[in-house]
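Protein chains in written order, with this note's numbering: chain B, 1 to 356; chain W, 1 to 356. The structure appears right after this line, and notes come after that.
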Ligand SMILES: Cc1ncc(COP(=O)(O)O)c(C=O)c1O
Ligand SMILES: Cc1ncc(COP(=O)(O)O)c(C=O)c1O
């Protein structure tokens with residue numbers, strides 16, 4: 001492709017937010033990346049421009065038929081002032097897998113990587129450097145063609161916006177979360193779109209999430225849509241169980257997202273010599289392991305929180321209290337190992353980081 | 001509620017499109033309706049304003065998490081110059097059911113009806129009066145809050161846009177369509193959101209639709225997501241089978257849309273004294289009825305095409321040719337009865353139309 005990225009600098013830079021109250025996804029930087037698609041020119045006109053509102057027809061197809069996908073990754077500031085990305089190639093691969101499933105034309109991976117790198121370079125000063133903070137990178141694609149009718153759009157925008165962020169779960173890191181096992185509402189099913197990052201999956205999850213919160217839980221653990229028996233994933237995390245010294249996680253079955261943190265955890269754990277099983281896991285088996293005292297730790301994995309220890313798992317009338325609702329050693333070690341790589345404090349033996 | 005709808009008249013009226021080449025969902029009228037929501041004011045500031053682009057933050061939640069719903073109904077011009085809506089109360093009820101499932105605050109049904117009526121009145125001249133044409137009405141709601149994080153938004157826009165339309169399937173009415181029975185990809189599953197009109201359902205359907213088109217078919221017939229055995233619905237139509245003089249349609253099982261045309265057809269057919277069965281229907285049973293020569297007619301029902309006769313149904317290696325691929329008498333009678341009511345040519349004994 002080899003398209004040159006145009007750069008239009010903003011002449012009104014915003015004030016940076018207070019590092020203590022960053023939150024997640026509330027503040028946006030001064031610039032954004034845009035790439036347009038139409039049938040004649042393909043993906044064209046890559047540019048970094050001031051962060052500003054989008055102007056779209058009320059008939060833009062994204063509003064009506066939800067043809068939209070996204071990604072999420074982070075840039076980290078190291079103690080010696082370098083900027084690192086974590087496995088951006090994996091996000092770009094997944095972006096194009098989401099494109100394929102949602103009938104959106106794929107984008108040259110090299111251009112996407114260059115766009116991320118250039119935009120992060122431009123916004124270097126926005127990367128917060130307090131412990132646990134980072135610059136969240138949100139690439140996304142929306143169908144912009146003004147047309148009412150169900151078919152793939154012929155016009156799209158690919159954009160990247162950046163948000164300096166603190167911890168995902170209201171300022172807490174590695175604090176155990178309470179999880180509600182949802183056995184009525186369903187997120188995804190094989191043959192559907194649960195394995196890609198399309199916007200509708202998240203809208204579909206809101207109702208059960210709200211119900212869980214009303215019952216005093218932080219997140220939902222989804223079960224499979226066919227039998228309501230097998231463990232799938234949590235809101236925006238994959239799920240892991242440590243049982244009797246070995247690690248279990250649901251296999252990629254076509255209805256759960258292929259998390260990049262999940263993949264990293266699997267590689268690390270194997271590297272430590274601990275057996276990892278990717279398989280179909282019934283919630284019943286988890287409960288039995290719990291009853292037998294073999295369920296040592298449960299944790300979620302995702303870009304936002306990295307590792308999120310689970311302190312309580314509620315399934316029907318059963319309440320499983322894990323590790324005295326404290327953060328387990330294994331979760332902690334994983335969190336520290338991964339974040340040390342992300343922040344350039346530990347050797348990156350897998351070659352996961354990319355310096356900007 | 002009793003909110004007054006403000007009206008700002010456009011000072012640049014567009015030229016009306018040629019009636020011969022209306023198509024579907026390509027042209028939009030001069031005005032649109034907008035209603036805003038925030039937590040403090042609730043739904044507020046109803047207004048009819050010039051049709052113009054929306055200005056939204058790139059972080060508006062609809063782009064990322066797909067919290068969006070819509071409706072579709074039509075206004076018809078009668079021969080004596082009156083304007084009729086068809087069962088708008090049903091669309092408004094369904095709109096609020098979609099809101100509920102998608103965690104969007106509900107809207108006062110009276111205000112929605114008033115908005116539709118007022119907007120159609122303002123755009124009266126846009127209602128085409130050629131046979132088979134109408135003014136398509138598209139109410140929709142999108143999450144506009146600028147925030148990255150999965151939770152229900154705290155800001156929304158409810159809008160109504162209007163499009164003068166011809167026939168949905170490229171200019172043809174009552175021409176039999178060819179339908180591909182999809183047994184790999186899945187649209188919806190009980191516990192999911194298939195029974196409401198949320199944008200993500202349509203994005204999720206594109207891939208199978210594209211596959212069907214590549215194989216020479218017009219539309220997909222979805223099977224259930226649990227067993228891939230039971231008939232659900234077509235792209236944007238419910239499906240009916242006439243077998244041995246009786247009518248069968250899948251029951252509302254939580255994963256198919258409760259079509260307003262479906263409901264009208266059921267009422268009409270019952271009124272004619274023909275038995276109607278709403279039940280779980282396996283594709284195998286349909287094929288057996290076909291083999292036995294008992295499958296008399298198959299047709300889809302929906303606002304866009306009203307009645308869409310099916311000329312061919314393809315299931316795996318089986319090709320079912322229906323009624324010699326011609327429009328059946330029953331489909332035709334239904335089409336004529338319903339459109340005659342819609343266009344004010346026949347007595348409206350069910351009280352379905354509402355004059356604007
Ligand atoms: C549904 C879902 N599952 C899992 C994940 C975790 O994926 P990753 O580790 O790539 O952030 C995410 C977040 O991206 C997600 O949205
Ligand atoms: C998925 C789906 N099924 C069925 C229908 C038919 O519904 P109605 O008759 O209300 O137009 C539609 C169209 O609205 C639809 O989108």
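The C-beta atom is built at its ideal place from N, Cα and C for all residues, glycine as well.
For residue 226/B, a Cβ of chain W is located within less than 8 Å of the residue's own Cβ.
The criterion of a C-beta distance shorter than 8 Å is satisfied by residue 112/B and residue 95/B. If you check each beta-carbon in the segment 86 to 115 of chain W against every beta-carbon of chain B, the ones closer than 7 Å belong to 101, 102, 103. With its beta carbon at least 8 Å from every one in chain B, residue 341/W lies outside the interface. Ligand 2 has no heavy atom closer than 7 Å to the beta-carbon of residue 324/W. Membership of residue 42/B in the beta strand (DSSP E) is indicated by the continuous run 42 to 50. Non-local beta-carbon contacts of residue 25/W in its own chain, meaning distances under 6 Å to residues more than five positions away in sequence, involve 163 in chain order. With respect to residue 197/W, residue 98/W sits close: the two C-beta atoms are nearer than 8 Å.
Between the alpha carbons of residue 19/W and residue 136/W lies a distance of about 14 Å. Short of 7 Å from the beta carbon of residue 217/B, and not among the five residues preceding or following it, lie these beta carbons of its own chain, in chain order: 178, 179, 180, 314. If you draw a 10 Å sphere on the C-beta of residue 8/B, you find fewer than 16 other C-beta atoms in it, and that means exposed. Ranked by Cα distance from residue 129/B, the options 79/B, 110/B, 175/B, 84/B are led by 79/B. Within the segment 243 to 272 of chain W, not one residue has a Cβ closer than 9 Å to any Cβ of chain B. In this structure, residue 309/W lies away from residue 337/W, with their beta-carbon atoms at least 8 Å apart. Proximity of the segment 143 to 163 of chain B to the segment 281 to 298 of chain B falls short of the contact definition, fewer than three beta-carbon pairs being nearer than 8 Å.
The residue among 183/B, 104/B, 70/B with its C-alpha nearest the C-alpha of residue 39/B is 104/B. When distances are taken from the beta-carbon of residue 259/B to the heavy atoms of ligand 2, even the shortest one reaches 7 Å or more. About 4 Å separates the beta carbons of residue 275/W and residue 246/W, which is inside the 8 Å limit, making them a contact pair.
Residue pairing by DSSP places residue 239/W opposite 300/W in a beta bridge.
At a beta-carbon threshold of 9 Å, the residues of chain W lying near residue 32/B are 58, ordered along the chain. For residue 52/W, the closest of 145/W, 161/W, 305/W by C-alpha to C-alpha distance is 161/W. At least 8 Å separates the beta-carbon of residue 158/W from that of residue 239/W.
One finds 66, 200, 203, 204 in chain W with Cβ atoms closer than 9 Å to the Cβ of residue 198/B, taken in chain order. The beta carbon of residue 331/W sits closer than 6 Å to those of 297, 299, 307, 309, all from its chain and outside the five residues before and after it, given in chain order. With respect to the 8 Å criterion, residue 56/W and residue 45/W are not classified as neighbours on the basis of their beta carbons. No Cβ of chain B is located within less than 8 Å of the beta carbon of residue 234/W. At a beta-carbon threshold of 7 Å, the residues of chain W lying near residue 53/B are 55, 56, 57, ordered along the chain. Contiguous alpha helix (DSSP H) elements confined to the segment 43 to 95 of chain W occur at 61 to 65, taking only those with 4 or more residues. Approximately 7 Å separates the beta-carbon atoms of residue 260/W and residue 303/W; this is inside 8 Å, confirming the contact.
Within chain B, the residues 63 have their CB atoms less than 7 Å from the CB of residue 142/W, given in chain order.
Taken in chain order, the unbroken stretches of beta strand (DSSP E) that lie wholly in the segment 255 to 289 of chain W and span 3 residues or more are 276 to 279. Residues of chain B whose Cβ lies closer than 7 Å to the Cβ of residue 161/W are, in chain order, 58, 59. In this structure residue 223/W touches residue 283/W by the C-beta definition: roughly 6 Å separates them, less than 8 Å. Assigned with DSSP and collapsed to three states, residue 112/W falls in helix.
Taking 8 Å as the CB threshold, residue 149/W lines the interface with chain B. For residue 207/B, the enclosing alpha helix (DSSP H) covers residues 206 to 214.
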